[in-house]
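Heads up: the protein sequence lines correspond to chains H and U, in order.
Once you know that position 41 of the first sequence is 41 in our numbering, the rest is easy, because the numbers rise by one and skip nothing.
Take the position in the second sequence, starting the count at 1, then add 1000; the result is the number in our numbering.
Where is the CB? At the ideal position from N, CA and C, for every residue including glycine.
Below is one structure, written out as structure tokens, with a few remarks after it.
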Amino acid sequence: MKSTKTITCINCPLGCTVTVSPGLDGLSVSGNECKHGETYALQEYRAPQRVLTGTVRIEGAFLPRLPVKSEAPLAKELLPLAARELDRISIRAPVSCGTVIASNLAGSGINLIATRDLD
Amino acid sequence: MPGEIVVIGGGPAGLAAAAAASDAGCRQVLLIERDRELGGILNQCVHDGFGNLIFGGSMTGPEYAHRFIREVRQRPAIAVLTGTMVLSLARDRRLTYVNRDGVREIQPGAVILAMGCRERSRFQAFIPGYRPAGVYTAGTAQRLINMEGVMPGENAVILGSGDVGLIMARRLTLEGANVLGVFEIAPRPGGLTRNVVQCLDDFQIPLFLEHTVTFIHGKKRLTGVSVAPLDRAGKPDLTRERFIACDTLILSVGLIPENELSRQAGLILDPVSRGPVVDQEMSCSVPGIYAGGNVVHVHDLVDYVSHTARLAGRGAQRFLEGRTPAGRVIMQAGENVSYIIPQSITLPVSETVDLYLRVREARRSVHLKITHQGNVLKQKIERIVRPPEMIHLALEPALLTGLSDGHTVSITVSGGEPA
């Protein structure tokens, strides 16, 4: 059974403190000033997700690091594990923006893609 | 060349300005960038959150730059000089630049300033102590980690909670360093809420508000910093000072528009925004010199940088075609407004005027009002206003028909309660 959580909404500068608590007939949400706050807080409560961004080693380019991101948001708890996978990747130039660099990041089934051209 | 527009700086502002000048009909645009490639600071901003307003989706800095670099490359009117630094700019638009081929002087028909901003250093933030290695501005640390592949250290303290500092707290953590805390002198974080949540809270990095670094220790390499909370008078309370052992201090203590060239050219600078004063077409106080992006004032979103730079690109081309001003209206920052961009409106007005302003203090339920000779031109209620979040307002030409030369339009953000 999950417990009550307070979540800071990031949709606008108001930054509502939204409380999500489990009740007999599902989750109750309070403290949000608009509907976006409820949607965001429920997502954050059930399964928070983040896009992972970072860099990987690249050889044969004028820079030693290639910026990358996960093609879709990952479960938040996978971020540290996925970040360590990036440490072990090394690729060769040239690379173009959008190229798949690795697949199935931290077992998520999500690809890692390059976010710039580099040669 | 009288028909030529020179854009100084190849970051987000310069890229957008050059493309817009070409689209407005300029047949000869020269884009000058001192780095070896275009893109500016976006190249090191590998995180996402860019482009929500312009592209309707979140992208990383390099991806955002990529879109605009492609736009520049697709326009045959634009020539690009990288590895080239502008050394001087005169009032009559004569400018000298240097690159591998030597020093050259040119005098284009119009100039667009797009030099961006630079970071305040420890010496501008007046932090006492020794001068060891291990003290970096957040942007320098960002460049080292994201582009040069160098970790600045293992145990870091961050001073200042501006966006770049928050972003670096997350980057350092994901790269395996320990971020021991973010210390902020103000009672509120300096950066956007989304960055406080996703960069600090996500990684349980503590944020100490109303705290500052009081001493930098270490003769060769940083060995630690002293930190202290502020007392009621806002001074560090040294009776509660404590030592934190660390090898890295990251400073995120503000950005300042880079205006050495603007000063040389004799442009009037706004003491609050710290950039050149501009009108709605981004014309500076010297005819033929335009400015866009962070050189004008520090924006919180790059989308707005691109937007104001496009205005500068179009404005510069309109100048070349012969613009005939019919007067000027001063924009006056009233209650709780720290500055307004543009600082003046040149008449006649044919297009919607975008106003950008920042407030002095955070307040809830405020009444935002634009008045001209006692008449309210536009008003709205804002649920919350905070200094880090720019306010954007559009003034349609129909609202501005009563303006004439020498008039003043004032903007106030009144009422409400402290947030």
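| Asked | Found |
| --- | --- |
| Option in Val-1272/U, Gly-1191/U, Thr-1324/U with minimal Cα separation from Asp-1300/U | Gly-1191/U |
| Classification of Leu-1238/U by the beta-carbon crowding that lies within 10 angstroms, buried from 16 upward | exposed |
| Interface residues of chain U facing Asp-119/H [CB-CB closer than 8 Å] | Residues of chain U passing the Cβ test: none, with the nearest at roughly 11 Å. |
| Ser-1161/U - DSSP class collapsed to helix/strand/coil | coil |
| 7 Å Cβ cut-off: residues of chain H touching Thr-1082/U | Simply none; closest approach about 12 Å. |
| Cutoff 7 Å; reference Met-1115/U; Cβ partners in own chain excluding five residues on either side | Ile-1008, Gly-1009, Glu-1258, Leu-1261, Val-1295 |
| Under the three-state DSSP convention, the category Met-1331/U falls into | strand |
| From Met-1147/U, Asn-1043/U, Pro-1076/U, Asn-1052/U, residue whose alpha carbon lies closest to that of Gly-1061/U | Asn-1043/U |
| Three-state secondary structure assigned by DSSP to Pro-1229/U | strand |
| Counted within 10 angstroms of its Cβ, other Cβ atoms place Met-1001/U as buried (16 or more) or exposed | exposed |
| Neighbour-count burial assignment, Thr-4/H, 16 or more Cβ in a 10 Å radius | exposed |
| Three-state class that DSSP yields for Asp-1354/U in the structure shown | strand |
| Within-8 Å CB hit, His-1047/U to chain H | yes |
| Within 9 Å of chain H by C-beta, residues of the region 1178-1200 of chain U in sequence order | Leu-1192, Thr-1193, Arg-1194, Asn-1195, Val-1196, Val-1197, Gln-1198 |
| Burial state of His-1066/U, where buried means 16 or more other Cβ atoms lie within 10 Å | buried |
| Counterpart residues of Met-1059/U in DSSP-defined beta bridges | Phe-1050/U |
| For Tyr-1136/U, the three-state DSSP class (helix, strand or coil) | strand |
| Whole beta strand (DSSP E) elements within the region 1090-1143 of chain U, 3-residue minimum | 1095-1099, 1102-1106, 1110-1113, 1117-1119, 1135-1137 |
| Cβ-Cβ distance between Pro-1152/U and Ala-1141/U below 8 Å | yes |
| Status (buried if at least 16 other CB within 10 Å, exposed otherwise) for His-1392/U | exposed |
| Bridge partners - Tyr-1425/U, DSSP secondary structure assignment | The structure shown has nothing for residue 1425/U, since chain U only spans 1001 to 1419. |
| Beta-carbon neighbours of Leu-1172/U, restricted to chain H and to distances below 8 Å | Those within 8 Å of Leu-1172/U in chain H number zero; the least Cβ separation is about 11 Å. |
| Beta-carbon contacts of Pro-1397/U that lie in its chain and below 7 Å, excluding the five residues immediately before and after | Val-1349, Ser-1350, Glu-1351, Thr-1352 |
| Asn-104/H classed as buried or exposed, judged by whether at least 16 other C-beta atoms fall within 10 angstroms | exposed |
| Bounding residues of the beta strand (DSSP E) (the contiguous stretch that carries Leu-1238/U) | Note, Leu-1238/U: premise wrong, no beta strand (DSSP E); not H, not E. |
| Beta-carbon spacing of Leu-1347/U, Leu-1403/U below 8 Å | yes |
| Classification of Pro-1418/U by the beta-carbon crowding that lies within 10 angstroms, buried from 16 upward | exposed |
| Option nearest Gly-26/H by Cα separation, candidates Ala-114/H, Thr-53/H, Arg-46/H, Thr-17/H | Arg-46/H |
| Alpha helix (DSSP H) segment containing Gly-1313/U, residue limits | 1302-1320 |
| Ile-89/H vs Ile-101/H beta-carbon contact at 8 Å | yes |
| Per-residue contacts from Val-29/H into chain B (C-beta, under 9 Å) | Among the protein chains in the structure shown, which are H and U, there is no chain B. |
| Segment contact, 8 Å Cβ cut-off, at least three pairs: the region 1353-1371 of chain U with the region 1337-1344 of chain U | yes |
| Members of the region 1133-1162 of chain U that neighbour chain H once the beta carbon cut-off is set at 9 Å | Ile-1145, Asn-1146, Met-1147, Glu-1148, Gly-1149, Val-1150 |
| Rounded separation between Ile-1106/U and Arg-1221/U - CA only | 46 Å |
| Proximal residues to Gly-1176/U (C-beta, below 6 Å), its chain only, five neighbours per side dropped | none |
| Buried or exposed by the 16-neighbour rule on C-beta atoms within 10 Å, applied to Tyr-1130/U | exposed |
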